[in-house]
DNA sequence: GCCAATCCCGTAATCGATTACAGCTGCGTC
DNA sequence: GACGCAGCTGTAATCGATTACGGGATTGGC
């Protein structure tokens, strides 16, 4: 007399359902996965499922099917509006496709990013979207032998066989400079974020491009850099205003731009009359600031969408060739950069 | 000759490691989980693990141990700054404790919230933190028979045996009214969010409390409500200003307050000289707005922290009595509500 | 009436880990 | 020398699902 039923009070399994329906576990599984056609069986299984309150165990299912129904998104810090926009874009798309979203905040720690890639072969997700600050050789190495599909948002070395969504802020910044010059601005300052990152460098190069295109030279006293915070932006603006008289300030970030606005207000400089201000990322902050901020949109939302769609395509067809998508930055003009009124 | 090794190229399992180390699978598992003490065995297993590049399969592990190492957080919309603050608080605490964070955005859909609770018995997470807009009977029902520990952030009916972190905006709003009255304000308007929610109702009641305490009557034309958006706030402020002359506006949200600021600016009303403005949630927006917004903090970050800690306590000891924690709102005073200067 | 084809269904193997249980070894003690 | 005990270790059962395979029943064609 084998103990078929360990404890009748236990959680219902596929076996419980099978007994209640008077069929085999195989039939139950088939009905659950839509693989059989006999109406009568389907009905009985359905009823039994409802009666015993059965719900599939996801661990057991994952073990057998090798799929988890989960996708992870890894970025430096969800507090950053750009990453937040990506999450907002990614979440509904994955959800629509039946995936759950798992979040990794790496705190801008490279070792952490590598660890995330590495942990993929625990197979706790079916895919990953990652937005690294910098892509090191270690990254590439891990990317190439990742256990599950990965989509990278960011610049990837050429030839890296991984789906990729990229944007280069450089032309965006250059265009913003052109816009300022067109508006009659002559002394354009740059408040950059950390420079030892790929985006930081791009912004700086874009600034130089813009100046060159306008036939201007870089003046060291017009360039500052700081960390991404309102205070950082305010302080950097002070430093610049202490030694120069810019009539425009380009900030690497809307947060920095808001900081600059505060400093300008303190010094009784009118925006945009005395000084134009341009931010970057086109976040909610840009729209709600006063005056509303002109901002270089890096299309975070769109990049998130594209990345999510790329990942879904890859999951549907793992053998397709890696796809690289490039997104163009976009200058969103608002009041803070209106042209100087000719006297 | 049994096919012990299905395909030598396959992913390494505990069996692969056992062979490489010349021990049994049990020993491998013991070393991996720190259950044996023999130095020699430990060394050999460690080496074998490194050699074959073994990583535990999380599905298999979960199936056996009944634990997933995952926790979910469910809220209406991660775009809302209050929820974002919670995520930022929750994430590092869970991570520190070795849990991964899974995100559910329910889009303020009650059915979706119920579905999240229901899906818990797929056992894809070890616990859940949920922040429902409203708690219906269905919620309570599902909460009571949830398959895993749940912590609720929000108002819960008395006697519901679930860990809970709560805040009541009502006294916070009343205090803000008192602050405005102290500052010499006489006509205080309210721009509320959706009223058919628990928080919406609390805010309204707090408003009435505040008026009563100041010996004032409610005037219908000073109260508007709208959805949470800058435009909503701007429009609501217009409606009020069209029919009345408030010298203070209390908004249910920093976003709404920013909208009100825009309307006031358009009408050439000075803040705080002509009209004081108070927001709620004390988000980044309040600090960066101009003038900086006085705001009623609902301590979202702290609530997130508390909820995460409660969940960890519960996971460590499932039999402890449910704990209810109440957080007090806090008035953060900034320039937008400075006292009227006596002429 | 017989054989083949079709359609369902049940048995049992399997995914990759954990762990109860029993067996082995070596040592100390009486 | 026998026995007990401690400390490891290996075998095999187990978690809860999916699915390959083969067996029955039904039907149709000749």
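Protein chains in written order, with my numbering: chain B, 1 to 343; chain G, 1001 to 1343. Glycine residues also receive a C-beta, built at the ideal position from the N, C-alpha and C atoms.
Item	Value
Cutoff 6 Å; reference residue 1190 of chain G; Cβ partners in own chain excluding five residues on either side	1207, 1223 and 1250
Amino acids of chain B, ordered along the chain, whose beta-carbon sits closer than 7 Å to that of residue 951 of chain G	Outside the displayed span of chain G (1001 to 1343) sits residue 951 of chain G, for which this structure offers no information.
Inter-stretch contact (C-beta, 8 Å, three-pair minimum) for the stretch 252-259 of chain B and the stretch 311-331 of chain B	no
is_contact[residue 1363 of chain G, chain B] using C-beta, thresh 8 Å	In the structure displayed, chain G extends from 1001 to 1343; residue 1363 of chain G sits before or after that span and is not available.
Within-8 Å CB hit, residue 309 of chain B to chain G	no
Any alpha helix (DSSP H) of 4 or more consecutive residues that is wholly inside the stretch 1211-1260 of chain G	1230-1243
DSSP bridge partner residues for residue 163 of chain B (one or two, in chain order)	B:151
Continuous beta strand (DSSP E) stretch holding residue 1127 of chain G: start and end	1127-1130
Cutoff 8 Å: residue 344 of chain B Cβ touching any chain G Cβ	The question about residue 344 of chain B has no answer here: the residues shown for chain B are numbered 1 through 343.
Whether residue 326 of chain B touches residue 167 of chain B by CB criterion (8 Å)	yes
Local conformation of residue 145 of chain B per DSSP, three classes	coil
is_contact[residue 324 of chain B, chain G] using C-beta, thresh 8 Å	no
With 16 other Cβ atoms within 10 Å as the buried cut-off, status of residue 158 of chain B	exposed
Residue 1341 of chain G, DSSP secondary structure in three states	coil
Distance, residue 110 of chain B Cα to residue 219 of chain B Cα	33 Å
Through-space distance from residue 1058 of chain G to residue 309 of chain B, alpha-carbon basis	26 Å
Distance between residue 1297 of chain G and residue 1106 of chain G (C-alpha atoms, nearest Å)	24 Å
Distance, residue 1067 of chain G Cα to residue 1061 of chain G Cα	8 Å
Positions along the stretch 224-235 of chain B whose CB lies within less than 7 Å of some CB in chain G	230
Residue 1211 of chain G classed as buried or exposed, judged by whether at least 16 other C-beta atoms fall within 10 angstroms	buried
Interface partners of residue 1341 of chain G on chain B, CB under 7 Å	Near residue 1341 of chain G there are no residues of chain B at all, since even the closest Cβ is about 20 Å away, more than 7 Å.
Residue ranges of each alpha helix (DSSP H) within the stretch 1093-1125 of chain G, 4 or longer	1110-1119
Cα-Cα separation between residue 11 of chain B and residue 1138 of chain G, rounded to whole angstroms	21 Å
Strand pairing of residue 17 of chain B, partner residues [DSSP]	According to DSSP, which records beta bridges pairwise, residue 17 of chain B is partnered with nothing at all.
C-beta neighbour in chain G for residue 124 of chain B, strict 8 Å	yes
Best match in B:13, B:45 and B:74 for proximity to residue 307 of chain B [C-alpha to C-alpha]	B:74
is_contact[residue 44 of chain B, chain G] using C-beta, thresh 8 Å	no
Which of helix, strand or coil DSSP assigns to residue 431 of chain B	This structure leaves residue 431 of chain B out entirely; chain B is present only between 1 and 343.
Rounded C-alpha distance that separates residue 268 of chain B from residue 1230 of chain G	27 Å
Same chain, Cβ closer than 6 Å to residue 300 of chain B, neighbours up to 5 away in sequence not counted	82, 85 and 86
Separation of residue 1256 of chain G from residue 1241 of chain G, as counted between CA atoms	15 Å
Residue 1149 of chain G and residue 1311 of chain G closer than 8 Å at C-beta	yes
Under 7 Å by beta carbon: chain G residues contacting residue 348 of chain B	Shown here, chain B extends from 1 to 343; a query on residue 348 of chain B therefore has no answer.
Assigned exposure category for residue 24 of chain B - 16 Cβ within 10 Å defines buried	exposed
Which of helix, strand or coil DSSP assigns to residue 1067 of chain G	coil
6 Å CB neighbourhood of residue 338 of chain B in its chain, flanking five on each side removed	272
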